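With the working numbering as the guide, the letters of the sequence shown map in order to residues 721 to 1186.
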Amino acid sequence: MEQKKSIEVLQNKIDVLTKFPDHNPNPVLKMDLKGTSLYSNTAGLNILNAWGIELGESLPGPFLEHVASGSSEPLEYPVGASVFLFHIVSVPQFEFVNIYGTDITAKVALVKFPEQNPNPVLKTSMDWKLLYANSSAQFIPQELGLKLGDSFPDVFPEHFLQHKSSPLELEIGSRFFSFHIVQVPEFDCFNIYGTDITAAKDNEQIMLKLAKYFSPQVYESIFSGDLEVKIQSKRKQLTVFFSDIKGFSELTERLEPELLTTIVTDYLTAMTNIVVKYGGTVDKYIGDAIMVFFGDPHTQGPKKDAVLCAKMALEMKGKLWEIRKQWHALGIAQPLDIRIGIHSDICTVGNFGSLDRLDYTTIGNGVNLASRLESNASTNQILISEDTYMLIKDEILCHKKDEILVKNIKHPIQTYEVKGVKEELSEPISSKKEGFSLFLDPSCSEDVEQKRRALEEALRVLNRMS
């Protein structure tokens, strides 16, 4: 019997000793009941070094206090820049304590990072129920009317499904936030990281307001750094465009200011949208008049620039019919007719003005000639110079017109009228029936309005006949 007991005691001692394997990758320490370190495996020595303790010296006070408290919970304690979780196991029969350490630095960082993050961090379950909000995010659930366990607004899951990699921008209360939604399948949750972009949004609104004072090309060139904001100019091949409304002065005398403002704004907006479509630079508005140029700050080459300008002018002319109907709906009987002049030349373009205020524009005889062509144009006519004609003649159908004399230019200027884009012009339409005859030549753009009114009247008669 005594031999059996001796064997059991020996076996217990062996079991205790096996708790301290030197090859255990995790730290294993042993201390006596007074807190003195008795043993450490290789991994544990790194911990002792971090604490500045050698074997035989006392371990930090919290370890002995933890044993005295009788707690079965592990002890979380720092080791240098890391954090370890220590399981403390008393072995009273041998009057020492085994200490098993586990590095939980990464886990602690995951837990503490959101709380210490100055930006909002929220967590939801996989079915989008709110699980957590750090201190910086507390106001967000309040603004959204959420409590822990409540479902997030549909805009979050919908955005994640459609745009996983792009942030979601939302107005929360009086502020704007950009939310990055990250799925964390390992923990069955979504992390939502918020960034306050209110200041950026305010700046964006300011930029949008400033953009209304520049053409898109100039605005983009300034803020991309392509165009320096200083007094400078250069000589460059441009195609310059002028247009104005015929009889506008008479119109200003007949209409109330509010109505006049409305129709001019609608007209200029429609025309400017066409300018932007073709890549022109709006130089300025002078009442109802519009000055545009092609070739700076971006160019597609003199020929392509001139062709785009001519196509733009044709589309503007075509847009008049729609705007006329709007005028008639407002009770304005006066017809809407315009004149257009275009000239291509070497011009001086750049920033002009004072040190405090700059105007991005183009100047020179080429600009003056484009203006003179516009003033010499007939109603709804696109009148161009021979310089422009030579650049566009392969793509744009033009008819030769009279020569004109222009102030400060000694020789007469040969002019041409733009008729249409060659590839878009169809064959003549011809139809002849009993009591009906029609012939339409698309290349002849004279008196288009009278022809349109005749066709509309014919349609009304045919509708009554049917």
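Glycine is no exception: its CB is placed at the ideal position from the N, C-alpha and C atoms.
Since the structure is predicted, the reported quantities are computational estimates derived from the model, not experimental observations.
Remark: fewer than three beta-carbon pairs, one from each stretch, lie closer than 8 Å, so the segment 1095-1109 and the segment 970-983 are not flagged as touching. Under the rule that a run must span 4 or more residues, the alpha helix (DSSP H) segments found entirely inside the segment 1054-1137 read 1085-1096 and 1106-1112. For A1049, the uninterrupted alpha helix (DSSP H) segment begins and ends at P1022 to A1049.
DSSP lists no beta-bridge partner residue for D870. For P977, the uninterrupted alpha helix (DSSP H) run begins and ends at P977 to Y998, by DSSP.
Counting the other Cβ atoms within 10 Å of the Cβ of K1037 gives 16 or more, which makes it buried. In the DSSP assignment, M751 falls within the beta strand (DSSP E) that extends over V748 to D752.
According to the DSSP assignment, T762 belongs to the alpha helix (DSSP H) that extends over T762 to W771. Excluding the 5 residues flanking it on each side, T756 has same chain C-beta neighbours closer than 6 Å at S778, in chain order.
R1077 counts as exposed, since fewer than 16 other C-beta atoms from the protein chains shown sit within 10 angstroms of its C-beta. Counting other Cβ atoms within 10 Å of its Cβ, N1100 reaches 16 or more and is therefore classed as buried.
The shortest C-alpha to C-alpha distance from E1143 to any of D1114, T822 and T1019 is the one to D1114. The C-alpha of R1172 is placed about 20 Å away from the C-alpha of M1185. F961 is positioned such that its CB atom lies closer than 8 Å to that of C1029. Assigned with DSSP and collapsed to three states, L1145 falls in coil, not helix or strand.
Beta bridge pairing from DSSP links R955 with T1068. Residue burial annotation: H1048 is exposed, with fewer than 16 other C-beta atoms found within 10 angstroms of its C-beta. Less than 8 Å divides the Cβ of Y1136 from the Cβ of E1106. Distance from the CA of E1123 to the CA of V996, rounded to the nearest whole angstrom, comes to 32 Å. Taking C-beta separations shorter than 6 Å and ignoring five residues to either side along the sequence, the partners of L805 in its chain run P794, E796, T822 and I824, following chain order. Secondary structure note for S969: its alpha helix (DSSP H) is the uninterrupted segment F968 to R974. Taking the Cβ atoms as the reference, I1112 lies roughly 16 Å from V1012, outside the contact range of under 8 Å.
For E777, the secondary structure class from DSSP, reduced to helix, strand or coil, is coil.
Going by beta carbons, L1089 and V1126 fall inside the 8 Å limit. Nearest to P780 by C-alpha distance, out of N761, M751 and G790, is M751.
In the three-state reduction of the DSSP assignment, A853 falls in the strand class, which pools E and B. Residues K1039 and I1043 of the same chain have their beta carbon placed closer than 7 Å to that of A990, with the five preceding and five following residues left out of the count. Ranked by Cα distance from Q903, the first of D922, G893 and F880 is F880. Secondary structure of M846 (DSSP, three-state): coil.
When DSSP reads this structure, F880 sits in no beta bridge, so it has no partner. Bounds of any beta strand (DSSP E) do not take in P861; it lies within the alpha helix (DSSP H) bounded by F859 to L864.
The alpha carbon of Q1170 has as its nearest neighbour, out of E774, P1055 and N746, the alpha carbon of P1055.
Between S898 and the set I917, G764 and Q882, the nearest pair of CA atoms involves I917. The three-state reading of DSSP puts A826 in helix, counting H, G and I together. Counting along the chain, no alpha helix (DSSP H) covers A801, and no H or E run does either.
In this structure, the beta-carbon distance from Q952 to G1070 falls below 8 Å.
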